[in-house]
Amino acid sequence: MTRPHLLAVIVIFGGGIALVSVLNNVLESPAAPREGLRSATVDVVAKASKPAAEVRYDYNQLQKKIASGRATLADARRAMTEQDPVSLSNSIHAFYPMRRHRGVVNLLDGMWELDREKYPELAWSLIAKPPVRIALANIINRIRIVRTEPYVAYIRAHKNAEHEFIRAQVAIALGFNGEFDDLPYLEAMGDGDNPYVAQSAITALTLFGGNRARDVLITLADKHHGTPRGGLIADLLSKVYGWSPGDSEAVPSAKEQS
8 MTRPHLLAVI VIFGGGIALV SVLNNVLESP AAPREGLRSA TVDVVAKASK
58 PAAEVRYDYN QLQKKIASGR ATLADARRAM TEQDPVSLSN SIHAFYPMRR
108 HRGVVNLLDG MWELDREKYP ELAWSLIAKP PVRIALANII NRIRIVRTEP
158 YVAYIRAHKN AEHEFIRAQV AIALGFNGEF DDLPYLEAMG DGDNPYVAQS
208 AITALTLFGG NRARDVLITL ADKHHGTPRG GLIADLLSKV YGWSPGDSEA
258 VPSAKEQS
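In terms of our numbering, the sequence shown opens at residue 8 and continues consecutively.
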């Protein structure tokens with residue numbers, strides 16, 4: 008699978024997070040946050056006030072329509088009433104194919120500005136805080152390209168969050184952002200003890216692109232040689248970067264390069 012093909016899979020399935028799910032049988036842990044942590048988040052969500060109209064939508068179907076670029080603005084607004092933070096975050100990541108839809112771009116801007124008056128039905132208790140707001144910062148950063156400093160700053164402010172899903176969102180967002188200053192962080196997360204966050208950071212390094220991100224993955228592959236993590240990294244190096252063992256000498260870590 009070439010890098011463009013890999014990126015196509017990422018876009019179709021929700022902007023990066025779903026690729027982690029595709030790889031979950033390769034690493035040492037499932038590709039969802041540990042049940043206890045996710046349950047804690049859901050418990051908080053359960054206490055949040057629900058929209059006045061108790062309308063239930065097929066959120067999985069709405070997410071698929073968004074990811075394919077076939078959603079209407081009404082579909083997009085309905086998707087943003089989702090009360091599960093993981094699913095809502097993934098739906099926001101999936102908006103990239105709709106980046107030329109003015110109504111959707113205005114919706115995302117309104118969400119960032121917390122415009123409850125214009126969009127009263129949305130899941131504001133989730134949109135106003137991580138992890139959903141990190142996904143929002145990421146998608147706006149990707150769409151706008153320029154003058155995105157506030158969004159990147161918000162993402163970086165949560166690099167050391169306690170919750171693993173938040174750190175995973177940060178890693179994916181920094182992978183899409185592609186700034187060299189973040190490579191040492193991604194290397195540390197990819198080398199870390201939390202398999203879910205490590206998996207997300209490894210994914211982020213494939214999104215990052217370029218020789219420096221490739222070299223970080225080579226360093227991690229060597230360090231984790233003979234483990235499921237090392238096997239995954241080696242496989243991604245081959246498929247995304249066209250690299251295999253013996254192609255080059257050992258490379259310095261991102262910290263050594265910076």
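Every residue, glycine too, gets a C-beta built ideally from N, C-alpha and C.
Expressed to the nearest angstrom, what Euclidean distance is found between the alpha-carbon atoms of residue i and residue j?
{"i": "residue 221", "j": "residue 192", "result": "15 angstroms"}
{"i": "residue 202", "j": "residue 208", "result": "10 angstroms"}
{"i": "residue 164", "j": "residue 140", "result": "12 angstroms"}
{"i": "residue 146", "j": "residue 162", "result": "11 angstroms"}
{"i": "residue 153", "j": "residue 231", "result": "37 angstroms"}
{"i": "residue 241", "j": "residue 81", "result": "43 angstroms"}
{"i": "residue 138", "j": "residue 166", "result": "12 angstroms"}
{"i": "residue 149", "j": "residue 175", "result": "17 angstroms"}
{"i": "residue 250", "j": "residue 244", "result": "5 angstroms"}
{"i": "residue 68", "j": "residue 188", "result": "37 angstroms"}
{"i": "residue 128", "j": "residue 104", "result": "24 angstroms"}
{"i": "residue 79", "j": "residue 218", "result": "39 angstroms"}
Tell me where the alpha helix (DSSP H) around residue i begins and ends.
{"i": "residue 242", "result": "235-248"}
{"i": "residue 251", "result": "Unbroken run through residue 251: none, as it is neither H nor E."}
{"i": "residue 87", "result": "It is not in any alpha helix (DSSP H) - residue 87 carries neither H nor E in the DSSP assignment."}
{"i": "residue 205", "result": "202-215"}
Where does residue i land, buried or exposed, given buried means 16+ other C-beta within 10 angstroms?
{"i": "residue 72", "result": "buried"}
{"i": "residue 35", "result": "For residue 35, the predicted structure reports a pLDDT of 37, less than 50, and the residue's modelled location is therefore unreliable. A value from the coordinates is still provided. Flag for residue 35 reads exposed."}
{"i": "residue 160", "result": "exposed"}
{"i": "residue 64", "result": "exposed"}
{"i": "residue 182", "result": "buried"}
{"i": "residue 200", "result": "exposed"}
{"i": "residue 107", "result": "exposed"}
{"i": "residue 70", "result": "buried"}
Pair every Cβ in the segment 142-156 with every Cβ in the segment 92-106, then say whether three or more of these pairs are closer than 8 angstroms. The segment 142-156 makes contact with the segment 92-106; the number of CB pairs closer than 8 angstroms reaches 3 or more.
Pairing CB atoms from the segment 126-135 with CB atoms from the segment 82-94, are three or more of them under 8 angstroms? yes
Could you tell me which whole alpha helix (DSSP H) segments of length 4 or greater appear in the segment 94-172? For the segment 94-172, whole alpha helix (DSSP H) runs of length 4 or above, ordered along the chain, are 109-119, 131-134, 139-151, 156-163.
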